[in-house]
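Quick notes on the structure that follows.
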Amino acid sequence: MLDPKLLRSDLPGVASALARRGFVLDVAAFAALEERRKSLQIEADRLRSERNANAKAVGIAKSKALDVAALLASGESLGAGLQSIEKDLESVQAQITALQMSLPNILDASVPDGRDESCNVEVRRWGVPREFAFQPKDHVALGEPLGMDFEAAGRMSGARFVVLSGKLAKLHRALAQLMLDLHTKEHGYRENYVPYLVNAAALVGTGQLPKFEQDQFAVRGDPGFYLIPTAEVPLTNLVREQILAPERLPLKLVAHTPCFRSEAGAAGKDTRGMIRQHQFDKVELVQIVRPEASYAALEELTGHAENVLKALELPFRVLSLCAGDTGASSAKTYDLEVWLPAQRRYREISSCSNCESFQARRLQARWRNPATGKAELVHTLNGSGLAVGRALVAVLENYQQADGSIGIPTALKGYMGGDTLLR
RNA sequence: GGAGAGGUGGCCGAGUGGUCGAAGGCGCUCGCCUGGAAAGUGAGUAACAUCCCAAAAGGUGUUCGAGGGUUCGAAUCCCUCCCUCUCCGCCA
0 MLDPKLLRSD LPGVASALAR RGFVLDVAAF AALEERRKSL QIEADRLRSE
50 RNANAKAVGI AKSKALDVAA LLASGESLGA GLQSIEKDLE SVQAQITALQ
100 MSLPNILDAS VPDGRDESCN VEVRRWGVPR EFAFQPKDHV ALGEPLGMDF
150 EAAGRMSGAR FVVLSGKLAK LHRALAQLML DLHTKEHGYR ENYVPYLVNA
200 AALVGTGQLP KFEQDQFAVR GDPGFYLIPT AEVPLTNLVR EQILAPERLP
250 LKLVAHTPCF RSEAGAAGKD TRGMIRQHQF DKVELVQIVR PEASYAALEE
300 LTGHAENVLK ALELPFRVLS LCAGDTGASS AKTYDLEVWL PAQRRYREIS
350 SCSNCESFQA RRLQARWRNP ATGKAELVHT LNGSGLAVGR ALVAVLENYQ
400 QADGSIGIPT ALKGYMGGDT LLR
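Mind the numbering: the first sequence is residues 0 to 422 in numbering that gives the first Met the number 0, read in order.
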């Protein structure tokens with residue numbers, strides 16, 4: 000959510016800032032609503048103030064045993080007038096809130112212009128894609144003989160699910176372990192175990208609702224739940240409605256969870272293999288920081304995600320997402336893309352975002368600023384470190400041998416019980 | 001799932017229809033005291049919205065788990081829901 004004060008004080012500025020994303024803000028409609036809200040609220044406040052004074056006068060009169068009939072009558076008529084104004088005010092305010100909740104974050108000035116992913120800017124590369132003396136296979140061809148079973152998953156669940164068995168399942172677990180150990184031991188994150196089912200308010204807080212309802216899996220029941228699309232949701236919601244002491248910042252949080260996504264808008268996209276699944280594991284990094292520290296934190300957090308790929312010795316590149324490709328909650332995002340030899344291209348494996356105060360405002364997540372003594376909004380950041388399923392894909396494809404067996408990255412050997420090769 | 005007890009400010013906790021945004025305590029801030037500190041002592045210390053506005057100050061409103069109701073007036077009475085605790089049952 001954007002700062003409502005900014006929306007009132009500089010509506011044209013907000014509109015032109017959002018236009019960078021291709022988002023059209025109806026300035027006239029919003030201004031009209033805001034105008035109406037203002038006059039209704041002033042009137043409601045005035046009536047309430049009168050009513051309160053009147054009610055107080057009743058109490059005083061009664062304590063002096065005076066006649067209160069006239070005061071009671073005027074109180075009643077004030078109440079009636081107030082009721083109708085309040086009804087209008089409520090409806091206007093609901094419209095304003097709905098509009099505010101539909102607005103994406105304002106982009107940082109350093110975000111490149113552009114309409115879609117073709118305009119993303121590569122900021123650096125690491126590693127050199129390996130030259131194969133044979134035709135490299137994709138992870139499906141490599142994985143199926145080793146225990147990657149899409150048919151079994153299809154029978155019990157349907158498309159976009161997978162069963163991993165034996166050494167592949169172990170490799171999957173090893174990847175998650177490596178990531179958690181790296182982030183907790185080397186990068187200073189605190190590990191968390193969190194709920195995978197959350198309420199709607201939690202998703203509103205991080206920005207998935209109300210706009211992206213169709214991307215979520217909802218669970219029936221009363222109250223209903225949503226399956227988390229990422230651990231960003233529970234981790235960031237840890238600071239919901241909290242006022243943090245300054246010495247607690249930055250909060251650096253990590254969790255390994257499954258993630259559930261309906262992939263509603265991705266019909267026909269990446270249908271082969273493990274690239275795009277309804278359920279996948281991810282190790283997620285979240286930082287809660289002082290506002291002035293958030294851009295340094297974004298660089299740091301992105302580096303932490305990169306370190307996983309470096310540890311695995313997987314070639315990757317870092318993109319600065321352009322205006323049109325940056326997620327609604329984010330002010331600036333770096334994507335990490337890992338090299339996939341079978342596709343002969345880089346594919347997204349991590350996305351690291353600075354949401355500034357966008358989520359914090361929805362969550363009412365604040366810290367006590369010692370400089371002002373006031374409770375002020377924190378900045379929140381999140382990044383995958385990394386998507387475990389896609390990391391498995393990358394290891395299979397990049398470490399494949401001519402005979403279809405898979406080498407084990409040095410960093411994973413300790414987690415694989417001494418295995419050096421999957422066959 | 002059943003029975004009971006609760007949810008009040010940064011924290012603990014009093015408050016069952018009216019001058020209550022809320023006693024008291026803890027914590028914190030600033031002073032006094034002291035060579036300095038502790039102890040003692042005095043004062044201050046909620047958030048949000050909105051109006052005015054360059055800003056400060058100020059005015060008004062809302063908020064005592066959430067939502068609704070009763071009333072001239074609700075932390076307090078009624079209804080629904082959520083959460084916590086204790087006991088019982090079931091269960092990984």
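Every residue gets a Cβ at the ideal spot worked out from N, C-alpha and C, and that includes glycine.
* Asked: Taking the continuous alpha helix (DSSP H) assigned at Asp107, which residues delimit it?
  -> Element bounds for Asp107: n/a, residue is neither H nor E.
* To do: Output the residue ranges of the alpha helix (DSSP H) runs that lie fully inside the stretch 58 to 128 and measure 4 residues or longer, sorted by chain position.
  => 68 to 101
* Own chain partners of Leu32 with C-beta closer than 8 Å, once the 5 adjacent residues on each side are dropped -> Val91, Gln94, Ile95, Leu98
* With a threshold of 16 other CB atoms inside 10 Å of the CB of Gly157, please say whether the residue is buried or exposed. => exposed
* Please list, in chain order, all residues of the same chain as Leu395 whose beta carbon is under 7 Å from its beta carbon, the five residues on each side excluded. => His138, Leu141, Gly142, Ile405
* Asked: Cβ of Leu391 within 8 Å of Cβ of Ile407?
  -> no
* To do: Could you have a look at Leu420 and say whether DSSP puts it in helix, strand or coil?
  => strand
* **Entirely enclosed alpha helix (DSSP H) segments - the stretch 269 to 334, minimum 4 residues** => 293 to 310
* To do: For Arg7, I'd like the list of residues in its chain whose CB is within less than 7 Å of its CB, leaving aside the five on either flank, ordered along the chain.
  => Glu33
* To do: Could you spell out where the alpha helix (DSSP H) holding Gly12 opens and where it closes?
  => 10 to 18
* **As assigned by DSSP and simplified to three states, the class of Ser38** => helix
* To do: Provide the residue span of the beta strand (DSSP E) that contains Val253, from first to last.
  => 250 to 259
* **Pair within 8 Å by beta-carbon distance, Arg123 and Arg316** => yes
* Endpoints, beta strand (DSSP E) assigned at Leu208 -> Looking at the DSSP string, Leu208 is not in any beta strand (DSSP E), and its letter there is neither H nor E.
* Distance between beta carbons of Thr235 and Thr379, contact taken as under 8 Å -> 5 Å
* To do: Look up Leu237 in the DSSP assignment and give the residues it is bridged to.
  => Leu237 pairs with nothing; no bridge assigned.
* Assigned exposure category for Thr270 - 16 Cβ within 10 Å defines buried -> exposed
* Asked: What separation, rounded to the nearest whole angstrom, lies between the Cα atoms of Val377 and Ala393?
  -> 35 Å
* To do: Check His186 in the structure and name its three-state DSSP category.
  => coil
* Asked: Counting along the chain, where does the beta strand (DSSP E) carrying Glu347 start and finish?
  -> 344 to 353
* contact_flag[the stretch 187 to 199, the stretch 217 to 225] where n(CB pairs < 8 Å) is 3 or more -> yes
* Check Leu231 in the structure and name its three-state DSSP category. => Looking at the sequence itself, residue 231 is Glu, so the reference to Leu does not match. Residue state, collapsed to three classes: helix.
* **Backbone secondary structure at Thr409 - three-state DSSP** => helix
* Asked: Would you say Asn191 and Ser328 are within 8 Å of each other, going by their C-beta atoms?
  -> no
* Straight-line gap, Tyr414 to Tyr398 (C-alpha atoms, nearest Å) -> 17 Å
* **Three-state secondary structure (DSSP) of Phe22** => coil
* Rounded straight-line distance, which links the Cα of Leu81 to that of Leu179 -> 57 Å
* To do: Using only alpha-carbon positions, find the residue among His255, Gly372, Ala18, Gln342 that is nearest to Pro135.
  => Gln342
* Does DSSP classify Tyr192 as helix, strand or coil? -> coil
* Asked: Closest by CA to Trp125, which one among Pro111, Val307, Val110, Leu5?
  -> Val307
* Inter-residue spacing [alpha-carbon to alpha-carbon] between Arg289 and Asn368 -> 9 Å
* **Val161 burial status per 10 Å Cβ neighbour count (16 or more: buried)** => buried
* To do: Grab me the residues of Ser471's own chain with a C-beta within less than 7 Å of its C-beta, minus the 5 sequence neighbours each way, in chain order.
  => In the structure as shown, the chain starts at 0 and stops at 422, and residue 471 therefore has no counterpart that could be examined.
* To do: Measure the alpha-carbon distance for Lys184 versus Asp418 and round it to whole angstroms.
  => 24 Å
* To do: Just grab the DSSP bridge partners of His378 for me.
  => Val288
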